[in-house]
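Taking it in order: structure first as structure tokens, then the write-up.
There are 2 protein chains.
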Amino acid sequence: MSTAHVRIADIARHDGQTVTLAGWLYNLRKSGKICFPILRDGSGMIQCVALKANLPEETFETLKSLTQESSVKITGKVRAEHRAAGGYELDVESCEILQRVPEETPYPITPKEHGIDFLMDHRHLWLRSRRQFAIGKVRHEVIKATRDYFDDNGFTLVDCPIFTPAACEGTTTLFEVDYFEDEKVYLTQSGQLYNEANAMAFGKVYCFGPTFRAEKSKTRRHLTEFWMVEPEMAYATLDDVKTLAEGLICFITQRVLANRRAELAVLERDVSKLAAITGPFPRISYDEAVEILRRKGSAIEWGSDFGGTDETLLAEEFARPVLVEKYPAQVKAFYFQPDAERPELALGVDMIAPEGYGEIIGGGQRIHDYNLLLQRIEEHHLPKEAFEWYLDLRRYGSVPHAGFGMGIERCVAWMCGLEHIRETIAYPRMLYRTRP
Amino acid sequence: MSTAHVRIADIARHDGQTVTLAGWLYNLRKSGKICFPILRDGSGMIQCVALKANLPEETFETLKSLTQESSVKITGKVRAEHRAAGGYELDVESCEILQRVPEETPYPITPKEHGIDFLMDHRHLWLRSRRQFAIGKVRHEVIKATRDYFDDNGFTLVDCPIFTPAACEGTTTLFEVDYFEDEKVYLTQSGQLYNEANAMAFGKVYCFGPTFRAEKSKTRRHLTEFWMVEPEMAYATLDDVKTLAEGLICFITQRVLANRRAELAVLERDVSKLAAITGPFPRISYDEAVEILRRKGSAIEWGSDFGGTDETLLAEEFARPVLVEKYPAQVKAFYFQPDAERPELALGVDMIAPEGYGEIIGGGQRIHDYNLLLQRIEEHHLPKEAFEWYLDLRRYGSVPHAGFGMGIERCVAWMCGLEHIRETIAYPRMLYRTRP
Chain B
1 MSTAHVRIAD
11 IARHDGQTVT
21 LAGWLYNLRK
31 SGKICFPILR
41 DGSGMIQCVA
51 LKANLPEETF
61 ETLKSLTQES
71 SVKITGKVRA
81 EHRAAGGYEL
91 DVESCEILQR
101 VPEETPYPIT
111 PKEHGIDFLM
121 DHRHLWLRSR
131 RQFAIGKVRH
141 EVIKATRDYF
151 DDNGFTLVDC
161 PIFTPAACEG
171 TTTLFEVDYF
181 EDEKVYLTQS
191 GQLYNEANAM
201 AFGKVYCFGP
211 TFRAEKSKTR
221 RHLTEFWMVE
231 PEMAYATLDD
241 VKTLAEGLIC
251 FITQRVLANR
261 RAELAVLERD
271 VSKLAAITGP
281 FPRISYDEAV
291 EILRRKGSAI
301 EWGSDFGGTD
311 ETLLAEEFAR
321 PVLVEKYPAQ
331 VKAFYFQPDA
341 ERPELALGVD
351 MIAPEGYGEI
361 IGGGQRIHDY
371 NLLLQRIEEH
381 HLPKEAFEWY
391 LDLRRYGSVP
401 HAGFGMGIER
411 CVAWMCGLEH
421 IRETIAYPRM
431 LYRTRP
Chain C
437 MSTAHVRIAD
447 IARHDGQTVT
457 LAGWLYNLRK
467 SGKICFPILR
477 DGSGMIQCVA
487 LKANLPEETF
497 ETLKSLTQES
507 SVKITGKVRA
517 EHRAAGGYEL
527 DVESCEILQR
537 VPEETPYPIT
547 PKEHGIDFLM
557 DHRHLWLRSR
567 RQFAIGKVRH
577 EVIKATRDYF
587 DDNGFTLVDC
597 PIFTPAACEG
607 TTTLFEVDYF
617 EDEKVYLTQS
627 GQLYNEANAM
637 AFGKVYCFGP
647 TFRAEKSKTR
657 RHLTEFWMVE
667 PEMAYATLDD
677 VKTLAEGLIC
687 FITQRVLANR
697 RAELAVLERD
707 VSKLAAITGP
717 FPRISYDEAV
727 EILRRKGSAI
737 EWGSDFGGTD
747 ETLLAEEFAR
757 PVLVEKYPAQ
767 VKAFYFQPDA
777 ERPELALGVD
787 MIAPEGYGEI
797 IGGGQRIHDY
807 NLLLQRIEEH
817 HLPKEAFEWY
827 LDLRRYGSVP
837 HAGFGMGIER
847 CVAWMCGLEH
857 IRETIAYPRM
867 LYRTRP
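Protein chains in written order, with the working numbering: chain B, 1 to 436; chain C, 437 to 872.
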């Protein structure tokens, strides 16, 4: 592209050369005879060195009085400096200010501590901070790794609709949209039912898009708008889901470790915890999980679903993600294939991340028998008519099939070691947060 | 992955071996002593050859009576056959039916012609047909190429919110969502305003997600839900947008030509038209475009926007996409940077695809001056308060910046040579279509 400036990320290629950088003032240290503007340009950061003795007085004074986040082009000579974070510094020769942030109306986010509401109100600016920038880069990496994993393993991306006429699981947590002429549609909570149709056409598919849940919960793990990747495979069983899910998580972790070390360091992430994420992951049954929980003092009864606290307790037992399989059918959705030996169990599997990050993957094998699926739809009092197209998949060439869903934000929170999921997406949407 | 069957796409690796394929019966030719089941498995199609003389009678009869779209595993020996589409055939040794579609309730989509409403009502099955499958594969390729292009050129993916409090362009075409406790939010029409904030943090960014337009139009170019990719660059101008847009289209076309020849053949696409898509693209001004249109008999007046017919007329002049730049400010949104020499012009550019596919890219340079942007917000009677965060981007380190948006479905329609955009997405949403 025709840009006269050099990106900080490419600085090593210009060692010893005079280049122009274009960015924003991140920080400034100064004394009477020297000042050190730190420039960020979205590709990286670099410390510039401006010596009063080497510069026209006006240039030095301009640099010295630069305010935080002013936009500036700085020209200077690239010098290797092993003590610098990026390995280079820039010896300033000249500078050009594009827009100077006035002293009387300074950049609102200062190095001092700010409350979370203030930061979220200024999310459009907060993204520029070193920590939020690092999270954004890890998110990019997680998404790219996820897509590459499926693309490289023979999956076809088939986008599922956002506007859906029927609910996948329940209706109380659906967002309703006014369509045309009094029609109502709902925002998708999962592409799975459509994925099943797509898998019968393309064999192995995935969808990857935003999903929506109108949950009135204010936990650190919930957003009303979040991104989910959902693969689905024809001619596949619960075992294939476990293998695929484990492979995906290992691949993502390796990519993040390989390409985002610097960002993980900014986030003070204990990378040894990520390096430990190698297959095979421990696999336990729901029965065993209940035993472990009771041994650890939980009052959970067989037949209940796990809550966030149970997941955290369970995860304490393992340094790696743990796959919990074969849940009581009553805690799983209507479409789960029952276990052949113990039909009261559903062939579902959840992956629980270590370090208290909870369930990051949920999936399993779907019912492929027409009569059984119809029976389940009736048992769950679902409107048969709305599911006729879904039943068609069992009328015309039904095969065993299976898949899962992974929430991107939870995965990013885990990779980054974040307390709260709200920092994993640029503009989080929560119960009381729809701006900016 | 632990699958005992071989994918048809991998058949060349098994030449001479006995393998099991798992798929669906696409078609069947038969005579008394031989039958040719064509199997599809989502990765490809292959013709199987079953000789009565070589098989147990039951196996031959089973194959001969297979119904369309029945699910079946066929075991046989792979044999190179240069006359076959994929280069191989399978000499059948045995078969196992998973689910036989009953003769009395046959697969609804037969080789005969069906009306579009019937096909759209059966979209979950229609996707299995050769033509829809090919379109799905091209769509996958276009999206992968698009993402690779940005990822490989230093862009960071930053997802923009779907729930937005304010409108980017007008409010009449917005879908309204009931949020919690009487709050209203709107579904995004563009991530651009957010992209501008993100570009100030990450330098070069793109968002890629579904966007929504509540337009009551029933044209062959409109969907209410469609996917859009939108790059945005800090320290960039109109020229950078033209370069980036041209590079993207060339890259996508090359990838489609390199990897999807077979699918283009199924679609009977004239690939010479795609092979002609090489840079540099012709670049004309709005003024020149008006001249061309008037010469061709259009009644267009200087100052009006182009309609679909104008775009088609204009495209007739060029075998390649044409970039039209510098539109009258009044036909463009409030945020366009004015031309320095002729301030009545906006620094916007549209790319019009050849062969009547219309505008596939629209973008330009944004206003970076605080006072000018404020003036435009007032001139357009937009609520200043809702744009305070957007104005912040001009208060704190404003720089020239630019970007564009490309609708994925229009691009796929063009690559595939489709009449109507509705076939470019798995589950199109239109004025009268929200199912399945």
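Think of the CB as a built atom: it goes at the ideal place given N, C-alpha and C, for glycine as much as any other residue. Remember, predicted model here, so these are calculated numbers, not experimental data.
Starting from the Cα of C/SER479, find the closest Cα among C/LEU502, C/ARG443, C/ALA489 and give me that residue. C/ARG443
Check the DSSP bridge columns for B/LEU90 and list the partner residues they point to. B/CYS48, B/VAL78
Do the segment 220–233 of chain B and the segment 78–96 of chain B touch if we need at least three Cβ pairs shorter than 8 Å? The segment 220–233 of chain B vs the segment 78–96 of chain B: no contact.
Per-residue contacts from B/ASP41 into chain C (C-beta, under 7 Å): GLY639
Rounded to a whole number of angstroms, what is the C-alpha to C-alpha distance between B/THR224 and B/PRO338? 31 Å
Inspect the beta-carbon positions of B/ASP369 and B/GLU359 and report whether they are closer than 8 Å. Contact flag unset, no.
At the 8 Å Cβ level, is B/ARG435 part of the contact set with chain C, yes or no? yes
For B/PRO161 and C/ARG899, believed in contact at Cβ under 8 Å, the rounded distance: The requested residue 899 of chain C is not part of the displayed model; chain C covers only 437 to 872.
With DSSP as the reference, label C/MET437 as helix, strand or coil. Low local confidence applies: a pLDDT of 35 at C/MET437 is under 50, so the model's placement there is unreliable, with the coordinate-based value given in what follows. Three-state result, C/MET437: coil.
When C/LEU534, C/LEU827, C/GLY798, C/ARG649 are compared against C/LEU810, the one with the closest alpha-carbon: C/LEU827
Quick check: does the Cβ of B/THR434 come within less than 7 Å of any heavy atom belonging to the ligand FAD? Ligands are entirely absent from the displayed structure, and the ligand FAD is therefore not among its contents.
Residues of chain C with CB closer than 7 Å to the CB of B/ASP159, please, in chain order. TRP663, ILE861, ALA862
Relative to the alpha-carbon of C/GLU791, which residue among C/ASN807, C/GLU814, C/ALA755 has its alpha-carbon at the smallest distance? Checked all of C/ASN807, C/GLU814, C/ALA755; the closest Cα to C/GLU791 is C/ALA755.
Following the continuous beta strand (DSSP E) through C/ALA782, name the residue where it begins and the one where it ends. 781–789
Report the rounded CA-to-CA distance for C/LYS709 versus C/ARG515, giving the unit in angstroms. 35 Å
Coil, strand or helix - B/ASN153 by DSSP: coil
Bounding residues of the beta strand (DSSP E) (the contiguous stretch that carries B/ARG40): For B/ARG40, the enclosing beta strand (DSSP E) stretches over residues 34–40.
Quick one: what's got a C-beta closer than 6 Å to B/LYS218's C-beta in the same chain, skipping five residues either side? LEU431
For chain C, find out if any of its Cβ atoms is closer than 8 Å to the Cβ of B/HIS420; answer yes or no. no
Can you check whether the C-beta of B/ASP339 is within less than 8 Å of a C-beta belonging to chain C? no
Taking DSSP as the reference, what is the three-state secondary structure of B/GLY308? helix
Nearest-angstrom Cβ-Cβ length linking C/GLN625 and C/THR647, presumed shorter than 8 Å: 6 Å
For B/LEU382 and B/VAL185, the rounded distance between their alpha carbons: 17 Å
Contacts around B/ALA245, its chain only, beta-carbon distance under 6 Å, and the 5 residues preceding and following it disregarded: Correct list, in chain order: MET351, ILE361, PHE404.
Write down the C-beta distance between B/LEU157 and B/TYR206 rounded to the nearest angstrom, noting that I regard them as a contact closer than 8 Å. Yes, they are in contact, since the Cβ atoms of B/LEU157 and B/TYR206 sit about 6 Å apart, within 8 Å.
Status (buried if at least 16 other CB within 10 Å, exposed otherwise) for B/GLU344: exposed
Suppose you measure from the CA of C/GLY853 to the CA of B/GLN330; what does that come to, to the nearest Å? 49 Å
Buried or exposed, going by whether 16 or more other CB atoms sit within 10 Å of the CB of B/ASP310? Buried, by the Cβ-count rule.
With 16 as the cutoff for other CB atoms within 10 Å, does C/GLN453 come out buried or exposed? exposed
Looking at the strands, I want to know which residues DSSP matches up with C/HIS804. None, per the DSSP bridge assignment.
Give me the Cα-Cα distance between C/LEU700 and B/LEU125, rounded to the nearest whole angstrom. 45 Å
Would a check of beta-carbon distances place B/ASN22 closer than 8 Å to chain C? Sequence inspection shows Ala at residue 22 of chain B; the Asn mentioned does not correspond to that position. Yes, its Cβ sits closer than 8 Å to a Cβ of chain C.
Go ahead and label C/SER507 buried or exposed: buried means 16 or more other beta carbons lie within 10 angstroms of its beta carbon, across all protein chains shown. It is buried - the Cβ of C/SER507 has at least 16 other Cβ atoms within 10 Å.
Enclosing beta strand (DSSP E) for B/ILE284 [first to last residue]: Going by DSSP, B/ILE284 is part of the beta strand (DSSP E) stretching over 283–285.
Give the single residue among C/GLU632, C/LYS469, C/ARG465, C/GLY512 whose Cα lies nearest to the Cα of C/LEU457. C/GLY512
To which residues does DSSP link C/PHE648 through a beta bridge? C/GLU661
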